[in-house]
Every structure is written in C-alpha cells, then in structure tokens.
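*Asks:*
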Amino acid sequence: MPQVDITEFGTDDGNEAESDTAGKAFVVVVTAETWGEVDDSLRPALAATRTVAGSGLGAAERDDITRSVVNQEVELPATVGVDRQGLIGVGSSASDVDIDSAIGYATRSEIPHFFVNNLVTLGESPGEIADRVRELVDAGVEVHVVSQGFDITEDNADAVLGVLDGLDTDGLELQRRADVRDVQRWLPDNAQAGRPPLGYEKVDGELVPGPRFDAVRAVISVRLNEDIPKQKAADRLGVSPRTITRAEENAGRYGLDDGEGDTEE
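Our numbering puts the first residue of the sequence shown at 690, with every later residue one more than the last.
1. Is the separation between the beta-carbon of leucine 735 and that of threonine 755 shorter than 8 Å?
2. Between valine 771 and serine 798, is the Cβ-Cβ spacing less than 8 Å?
3. Pairs of beta-carbons, one from the segment 786-803 and one from the segment 756-764, closer than 8 Å: are there three or more?
4. Where does valine 955 sit, in a helix, a strand or coil, going by DSSP?
5. Who are the Cβ neighbours of arginine 956 in its own chain at under 8 Å, not counting the five residues just before and after it?
6. What residue range does the beta strand (DSSP E) around glutamate 831 cover?
7. Straight-line CA distance for glutamine 920 to arginine 901?
8. Can you say whether glycine 941 is buried or exposed, counting buried as having 16 or more other CB atoms within 10 angstroms of its CB?
9. How close, in whole Å, do the beta carbons of phenylalanine 715 and glycine 775 come, if the pair is a contact with beta carbons under 8 Å?
10. Determine the burial state of asparagine 807: buried for a count of at least 16 other Cβ atoms within 10 Å of its Cβ, exposed for fewer.
11. Just to confirm, are glycine 778 and valine 718 a CB contact at a threshold of 8 Å?
12. State the Cα-Cα distance for the pair threonine 723 and alanine 767, rounded to the nearest angstrom.
13. When you compare each of Glu750, Lys891, Ala742, Ala819 to asparagine 939 by their alpha carbons, which one comes out closest?
14. Assign serine 929 to buried or exposed, taking buried as 16 or more other Cβ atoms, counted over all protein chains shown, within 10 Å of its Cβ.
15. Among all the DSSP beta bridges, which residues are the ones paired with leucine 956?
16. What residues in its chain sit with their C-beta under 7 Å from that of alanine 737, if we drop five residues either side in the sequence?
17. From the DSSP output, in three-state form, read off arginine 866 for me.
18. Can glutamate 824 and threonine 842 be called in contact, C-beta distance under 8 Å?
And the structure:
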C-alpha cells in the first residue's frame with residue numbers, strides 16, 4: 690500500500706514565521722499508512738477541534754478539508770477553520786510528519802491545543818512520547834489524543850508521564866496494539882485523563898453539553914466582560930481559577946467570543 694507523503698512544519702524562528710502563526714489556535718497531526726486511513730483519522734480529529742478548540746468546523750467543511758487532503762489537492766501543512774486559525778499535517782510516522790517541528794511550531798507560537806489521532810503519532814518509543822508530551826504541556830499546550838478522547842493537561846501530566854517513563858519495550862508493543870487505553874487504565878483513579886471540558890460530559894465517547902452548560906456559559910460570559918473577579922467565578926462553579934482561565938481561553942466552545950460575551954446569568 691502507498692505511503693503517505695512526508696509533511697514538514699517550518700522551523701524558522703524569524704519574524705516572518707511568527708507572523709504566519711499569529712492567531713493560530715490549534716495544530717492537528719495525524720499519521721497513517723495509507724490515504725484511506727488518513728480519511729478515517731483526520732475527520733474525527735477535525736471534529737474534536739470544533740468542541741475542544743472552538744474551530745467552528747462544521748460537518749460539511751470537515752468533509753471538504755479531509756477530501757482535499759486525501760486527494761492531495763492542498764499543500765501540507767494546511768491552514769483550516771474560521772479565520773484559518775488551525776494547522777493540519779499528515780505523515781506515515783512521527784518522523785515522516787516531522788513531529789518535532791510541529792511541536793516547536795505550537796510551543797513557540799503559544800498555540801493552546803495539539804491534536805493527534807493516536808499516542809504513537811508522538812513517537813516510536815515511550816521515552817520519545819513522554820519527552821514530547823512534556824515539552825508541549827510545559828509550554829501550556831493541551832494534548833488531545835482523539836482516537837480515545839484522551840486529554841493530557843497540566844492537571845494529569847505527571848501521572849501520564851509517570852506511566853510513559855515506566856514502560857519497557859514489551860509495554861510499547863502492547864501500547865501500539867491497544868493505543869492509549871492501557872495508559873488510561875494504569876493511571877490512578879484521581880488522575881484519569883480525558884476529563885471533559887467545564888460544562889461538558891461524555892456520552893458514548895462523544896463530548897456533549899452537560900446539565901451545567903448554561904450556568905458555565907453565563908459565568909464565562911460575565912468573566913469575558915470582566916464584571917466579576919476570576920476567584921468569584923471559580924467559587925460560583927466550584928472549580929479552580931485555573932479552570933476558569935482555561936474556559937475563558939476556549940470561549941468559542943460556549944458560543945462566546947473573547948470579550949464579546951453577553952451578560953445574562
């Protein structure tokens with residue numbers, strides 16, 4: 690079967706490179722052996738950007754983007770989404786997709802979300818994966834493993850990295866077969882990854898608005914107008930101020946634009 694073409698992310702550190710990344714909100718990287726498998730991986734990854742990163746990519750647009758990539762009609766990496774705020778790349782392996790350049794692109798541009806179709810997209814050994822996860826999370830980037838709805842954030846990174854750092858060669862083979870499910874199972878109960886965003890819940894593996902969605906939206910709306918302190922907003926919802934910050938940074942998932950929320954409660 691044909692290999693997917695190599696994708697290279699730019700690594701220039703000049704002003705021109707920085708301007709090219711201005712306003713970017715997410716990076717999506719998928720690896721697959723064939724173009725058909727790219728179709729199967731890229732479509733759900735783009736769907737995840739809508740819920741998690743507020744990309745605004747509807748089903749029709751996701752279909753168009755995926756079709757263009759699979760038919761090799763666009764130059765990769767390609768920009769996508771409202772105001773072209775996302776960047777996608779594909780390759781047959783972590784090395785072919787130039788994952789280090791993709792990560793460097795995300796970290797130096799302060800992009801908050803990094804999506805991969807599976808954990809092995811980040812590396813060919815647990816050590817490589819751990820190093821790259823650590824680099825992203827240390828830079829404030831959330832890692833989203835779409836195939837299992839698995840999120841790695843500053844809240845659970847230590848537990849995830851502890852598992853990855855402890856895997857041996859046999860563990861890697863198991864991980865390749867079972868994807869990220871084993872990593873999730875090995876985590877302590879209080880550090881399980883994949884926690885839904887504030888106001889959301891998971892139903893049959895899909896993120897959907899939960900019963901507190903309207904209350905969360907109202908509080909975040911008020912916060913965007915700076916009408917209440919962050920600590921007060923956190924107290925209202927029973928969460929930490931850091932969680933409020935994360936919700937504000939992803940206002941699009943609540944149907945709000947930064948600074949333009951309504952003030953209804």
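We put the beta carbon where it would ideally sit given N, CA and C, even for glycine.
Because the structure is a prediction, the values reported are computed rather than measured.
*Replies:* Taking the definition as stated:
1. In the sequence shown, the residue the question calls residue 735 occupies position 46. In the sequence shown, the residue the question calls residue 755 occupies position 66. For leucine 735 and threonine 755, yes; Cβs fall inside 8 Å.
2. Your numbering for residue 771 matches position 82 in the sequence shown. Your numbering for residue 798 matches position 109 in the sequence shown. Result no, Cβ atoms of valine 771 and serine 798 do not sit closer than 8 Å.
3. no
4. The structure shown has nothing for residue 955, since the chain only spans 690 to 954.
5. Absent from the model: residue 956. The displayed extent of the chain is 690 to 954, so no value can be given.
6. Residue 831 sits at position 142 when you count from the first residue of the sequence shown. Segment 831-834, the beta strand (DSSP E) holding glutamate 831.
7. In the sequence shown, counting from the first residue as 1, residue 920 sits at position 231. In the sequence shown, counting from the first residue as 1, residue 901 sits at position 212. Straight-line Cα distance between these residues: approximately 19 Å.
8. As a working mapping, residue 941 is identified with position 252 in the sequence shown. It is buried - the Cβ of glycine 941 has at least 16 other Cβ atoms within 10 Å.
9. Reading the sequence shown from its first residue, position 26 is the one you call residue 715. Reading the sequence shown from its first residue, position 86 is the one you call residue 775. Rounded, the Cβ-Cβ distance is 5 Å, consistent with contact.
10. Indexing the sequence shown from 1 puts residue 807 at position 118. With 16 or more Cβ atoms within 10 Å of its Cβ, asparagine 807 is classed as buried.
11. One-based indexing of the sequence shown puts residue 778 at position 89. One-based indexing of the sequence shown puts residue 718 at position 29. Against a cut-off of 8 Å, the Cβ pair of valine 718 and glycine 778 comes out as a contact.
12. The residue labelled residue 723 in the question sits at position 34 within the sequence shown. The residue labelled residue 767 in the question sits at position 78 within the sequence shown. Going from the Cα of threonine 723 to the Cα of alanine 767 covers about 19 Å.
13. Here residue 939 refers to the residue found at position 250 when the sequence shown is read from its first residue. Comparing Cα positions, the closest option is Ala742.
14. One-based indexing of the sequence shown puts residue 929 at position 240. Counting Cβ neighbours within 10 Å, serine 929 comes out exposed, since fewer than 16 surround it.
15. The structure shown does not extend to residue 956, since the chain is modelled only from 690 to 954, so the question has no answer here.
16. Locating residue 737 in the sequence shown gives position 48, counting from the first residue. Closer than 7 Å at Cβ, skipping near neighbours: Phe804, His833, Val835.
17. The residue given as residue 866 occupies position 177 in the sequence shown. Summary for arginine 866: the model assigns pLDDT 49, below 50, so the residue's position carries little reliability, and this model does not support an answer.
18. Numbered from 1 along the sequence shown, position 135 holds the residue referred to as residue 824. Numbered from 1 along the sequence shown, position 153 holds the residue referred to as residue 842. It is not a contact, given that the beta carbons lie outside the stated cut-off.
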